[in-house]
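Participant:
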Amino acid sequence: MSDLPVLNVIVAVAEGRRLYAALEAGMAAAALGRPVRIFLQGEAAALLRDPVTFSGDDARRAAGQPDLAWLAEEAIAMEIEMFVCQSGMALVGVAATELMPHVRAAGLVSFMAAIGPDDRLVVY
1 MSDLPVLNVI VAVAEGRRLY AALEAGMAAA ALGRPVRIFL QGEAAALLRD PVTFSGDDAR
61 RAAGQPDLAW LAEEAIAMEI EMFVCQSGMA LVGVAATELM PHVRAAGLVS FMAAIGPDDR
121 LVVY
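Numbering-wise, full-length UniProt numbering puts 89 at position 89 of the sequence shown, and it's gapless, one number per residue.
(1) Relative to the C-alpha of D3, which residue among Q65, V36 and A75 is closest?
(2) Give the straight-line distance between the Cα atoms of E79 and D57, rounded to the nearest whole angstrom.
(3) Give the DSSP bridge partners of A106, in chain order.
(4) Are the beta-carbon atoms belonging to L68 and G16 less than 9 Å from one another?
(5) Could you tell me the alpha carbon to alpha carbon distance between Q41 and R34, rounded to whole angstroms?
(6) Tell me which residues share the same chain as P117 and place their Cβ nearer than 6 Å to its Cβ, disregarding the 5 neighbours each side in the sequence.
(7) Terminal residues of the continuous alpha helix (DSSP H) containing L40?
(8) DSSP three-state label for I10, please.
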């Protein structure tokens with residue numbers, strides 16, 4: 001495990017472009033050796049329902065960029081931990097079995113409790 005502080009990211013709004021930006025930032029940090037954890041809060045929990053899509057996917061593919069599903073899968077392959085809010089899942093009607101593989105349900109308190117004193121926290 002890295003000696004670098006963990007980058008903890010909260011996606012607090014159910015917008016695909018925010019998750020896309022959070023994944024890009026997380027992947028950049030992971031590429032530099034930093035451990036990364038991403039938490040989707042509230043309605044944002046619906047963004048990781050399998051299959052993952054968002055309205056900007058076509059424009060991104062047309063520009064030669066990956067779509068949101070590919071980015072999320074690559075983030076998981078890079079060992080970025082991803083969590084969705086249990087309360088948010090109930091709010092948007094998403095069951096744990098509907099999440100993309102390797103995404104875990106968690107509470108905000110447990111996510112925050114795992115943040116160390118030297119770790120970083122970013123909210124999108």
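Ideal Cβ positions, reconstructed from N, Cα and C, are used throughout, including at glycine. Note that this is a predicted model, so its numbers are computed, not measured.
Facilitator: According to the data block:
(1) V36
(2) 23 Å
(3) C85
(4) yes
(5) 22 Å
(6) none
(7) Counting along the chain, L40 falls outside any alpha helix (DSSP H), though it belongs to the beta strand (DSSP E) covering V36 to L40.
(8) strand
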